[in-house]
Structure formats: C-alpha cells, structure tokens
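Trainee: Here's a structure for you.
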Amino acid sequence: MKISNKYLVEALVFLSYVLFAMAWVGGTASMSQIMASFDVDSLASASFISGAVTFAKIVGTFSAAYLAVKFGIKGAFFVSCLLVAIGLFTPLATDYEMLLISRFLMGLGGAFMIVYFNPIVMKWFTPEERPVINGLNAVAFNVGTAIILWSMSSINVLTGSWKTSLIVFSIATIALGLLWLFVDYEAEATDTAADSETKPSVYGYVDGMKDPFNWYYAICYSGL
628 MKISNKYLVE
638 ALVFLSYVLF
648 AMAWVGGTAS
658 MSQIMASFDV
668 DSLASASFIS
678 GAVTFAKIVG
688 TFSAAYLAVK
698 FGIKGAFFVS
708 CLLVAIGLFT
718 PLATDYEMLL
728 ISRFLMGLGG
738 AFMIVYFNPI
748 VMKWFTPEER
758 PVINGLNAVA
768 FNVGTAIILW
778 SMSSINVLTG
788 SWKTSLIVFS
798 IATIALGLLW
808 LFVDYEAEAT
818 DTAADSETKP
828 SVYGYVDGMK
838 DPFNWYYAIC
848 YSGL
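According to the working numbering, the residues represented by the sequence shown are 628 to 851, in order.
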C-alpha cells in the first residue's frame, strides 16, 4: 500500500506536529505531578525539565539539514517521529536524568520535524496551494497547545492518569510515523517540467546569514 494523496500526506505532517505540541505542553501541564513523582521540590529543577525541550529545538534546527542529507526527507521525517515518540519515557522514567533525556530527545524530534515542513510542502503542493498549507502547518503547534490547555484534565479522566495520557500521545506518534513509511515519496506529485529543468542554486548557512529577510523575519518573530 502506498500513500500518494497529497492531502493524506499533509494530514500526517499536521497531526504529527499537533501530537508533538500535545506531548510537550502536556508534560508542562503535568509538571506538578512530575515534580511529586521524582521528589523534585526545586522550581529551578522543574524549569530545567521544560528547558530541555527548548534547548533541543535550538540544537535540532542546526542539525536537521545533516539528517535530511543522510536519510532523505522521508527518512528524516520518520526519524523525527521516532524521537518525538521517545516522550513515551517521560512518564516511565525511573530517575531525573532519564526524564531530562527523554524530554530533550522529544524536543529534538520536534525541531527536526518543523524543518522538514517546507520541503514536503514544496514537493506535494502547487505554488497556489502552498500558502494555505504552510499556514495550516504553522498553526499545528497552536492546535496541540489549545487541546491540552482546554482538555488535559478531561483527557486524564478518560485515560486514568497524566502518565497514561502522555503514553497515548507517544503511541499515536509512532502510529503516524509508521503510516508515513507508506508515503510514496518518489512520486513527482506537483513538480513541473520547468522546475525539473531549473538547476537548483546552492543556499548555504553563510548565504542565510547575509540574507536581510532572515534577520527581519527573526526579529519580528521574536517580538522585538
């Protein structure tokens, strides 16, 4: 079985990042229970647990390109799903160090995942469709966050505990990752003849640092 419908591909991408947001924010929302489980009474230690994900997203952004070159976009996105699913060990951790590692690797997967949005959209959608699809992907994290903020208590009641809820999020991520393996990524879904005849230009990190747009975008995004 091959998945070649571009809207199914987008659904997998969108839902994968929604689940990452749910796993990240769900862990943060359960911080008081996590602190109690590990006898953590220092707010600094609790902040470090949340900060592990943020730090991983910074590291992951710079190393995502290497992963894409080594495994291809399809393989790299699958790896990112597996890393996000490592959040499974957050509720199963037996010590504080294991907890930090699980949160870091989960954040690393999320950092990888968001980098691969654009090449996936470029491959599967026409230029006219891309703004809408990019917009959907941009709000995926917000959707996951909103679900947790509004429904985490209800989800915990349904599953029985915060631990089970986080486990369910990870299992769902694994399921989406396995479905992703069936995506027929070799199919030239929307590439035009003109695109295929155009020799791609090299745009490295140095070029990115020199590009004014990247600086404007980063400054605006940071709220400055």
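Ideal Cβ placement from N, Cα and C applies to all residues, glycine included.
Using a Cβ-Cβ cut-off of 7 Å (strictly less than) and excluding sequence neighbours within five positions of A679, which residues of its own chain qualify?
Mentor: For A679, where only same-chain residues beyond five positions count, the Cβ hits under 7 Å are L727, R730, F731 and G734.
Trainee: Counting along the chain, where does the alpha helix (DSSP H) carrying D834 start and finish?
Mentor: Run containing D834: Y832 to K837, per the alpha helix (DSSP H) assignment.
Trainee: Comparing alpha-carbon positions, which option in F752, V742 and L709 lies nearest L635?
Mentor: Closest option to L635, Cα to Cα, is F752.
Trainee: Determine the burial state of E637: buried for a count of at least 16 other Cβ atoms within 10 Å of its Cβ, exposed for fewer.
Mentor: By the neighbour-count rule (16 or more Cβ atoms within 10 Å), E637 is buried.
Trainee: Do A767 and Y644 come within 8 Å of each other at the CB atom, strictly closer than that value?
Mentor: Cβ distance < 8 Å, so Y644 and A767 count as in contact.
Trainee: Closer than 8 Å is the cut-off here; do at least three beta carbon pairs connect the segment 646-657 with the segment 770-782?
Mentor: Touching, yes.
Trainee: Rounded to whole angstroms, what's the CA-CA distance from V640 to S690? Just pull it up for me.
Mentor: Between V640 and S690, the C-alpha separation is close to 20 Å.
Trainee: Could you please give the first and the last residue of the uninterrupted alpha helix (DSSP H) stretch that includes Y634?
Mentor: Here the alpha helix (DSSP H) through Y634 covers K633 to A656.
Trainee: So the alpha helix (DSSP H) I801 belongs to, where does it begin and stop?
Mentor: Here the alpha helix (DSSP H) through I801 covers W789 to W807.
Trainee: Based on DSSP bridge pairs, tell me the residues matched to V810.
Mentor: Bridge partners of V810: I630.
Trainee: Which stretch, first to last residue, makes up the alpha helix (DSSP H) that contains T753?
Mentor: Careful: T753 lies outside any alpha helix (DSSP H) and carries neither H nor E.
Trainee: Taking all protein chains shown into account, decide if N783 is buried (16 or more other Cβ within 10 angstroms of its Cβ) or exposed.
Mentor: When all chains shown are included, N783 counts as buried.
Trainee: Would you call the CB atoms of F840 and G737 closer than 8 Å?
Mentor: Cβ distance not < 8 Å, so F840 and G737 don't count as in contact.
Trainee: Going by Cα to Cα distance, which pick from M662, S657 and Y848 is closest to A765?
Mentor: The shortest Cα separation from A765 among M662, S657 and Y848 belongs to Y848.
Trainee: Going by DSSP in three states, A695 sits in which element: helix, strand or coil?
Mentor: Helix, per DSSP.
Trainee: Starting from I774 and walking both ways along the alpha helix (DSSP H), at which residues does that stretch end?
Mentor: Its alpha helix (DSSP H) spans residues A767 to T786.
Trainee: Can you tell which of G835, S781 and M649 has its C-alpha closest to the C-alpha of V770?
Mentor: If we check each option's Cα against that of V770, M649 comes out closest.
Trainee: Return helix, strand or coil for S828, following the three-state DSSP convention.
Mentor: The answer is coil: DSSP assigns S828 none of H, G, I, E or B.
Trainee: Roughly how many whole angstroms lie between the Cα atoms of M740 and D666?
Mentor: Those two C-alpha atoms are separated by around 33 Å.
Trainee: Measuring straight from C-alpha to C-alpha, what distance separates M662 and F675?
Mentor: Going from the Cα of M662 to the Cα of F675 covers about 12 Å.
Trainee: Taking 7 Å as the limit between beta carbons, can you name the residues of its chain near I794, skipping five residues before and five after?
Mentor: The residues are L715 and P718.
Trainee: Taking the CB atoms as reference points, tell me whether A712 and G804 lie closer together than 8 Å.
Mentor: Cβ atoms of A712 and G804: closer than 8 Å.
Trainee: For F682, which residues in the same chain have their Cβ closer than 8 Å to its Cβ, ignoring the five residues on either side in sequence?
Mentor: The residues are F731 and G734.
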